[in-house]
Amino acid sequence: MEMVARGLEKHLKVDQREFLMNSLLHVCGDETRRSVAEALGLMYLKGDIVDQQENKYT
249 MEMVARGLEK HLKVDQREFL MNSLLHVCGD ETRRSVAEAL GLMYLKGDIV
299 DQQENKYT
């Protein structure tokens, strides 16, 4: 998953990855939230989405 996340981080902005995450969660459901966030290079913590690379709240 780290390789996927790194590739997406290079080609997509944080807001684009957040959009993909929200879109996938509508289809897959909340139980996959952690896996989707990890694959997109995002980290989900207590309702906040954090960009792992920049370590900033978005």
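Numbering of the sequence shown is given in the numbering used here, commencing with residue 249 and proceeding in unit increments. The beta carbon of each residue, even a glycine, is placed where N, CA and C say it ideally should be. The structure displayed is predicted, hence computed values, not measured ones.
Rounded separation between residue i and residue j - CA only
i: residue 253; j: residue 275; result: 20 Å
i: residue 270; j: residue 288; result: 11 Å
i: residue 250; j: residue 265; result: 14 Å
i: residue 259; j: residue 286; result: 16 Å
Residues bridged to residue i (per DSSP)
i: residue 251; result: Partner(s): none; residue 251 has no beta bridge.
Helix, strand or coil at residue i according to DSSP, with G and I counted as helix
i: residue 288; result: coil
i: residue 261; result: coil
Beta-carbon separation (whole angstroms), residue i vs residue j, contact threshold 8 Å
i: residue 284; j: residue 272; result: 5 Å
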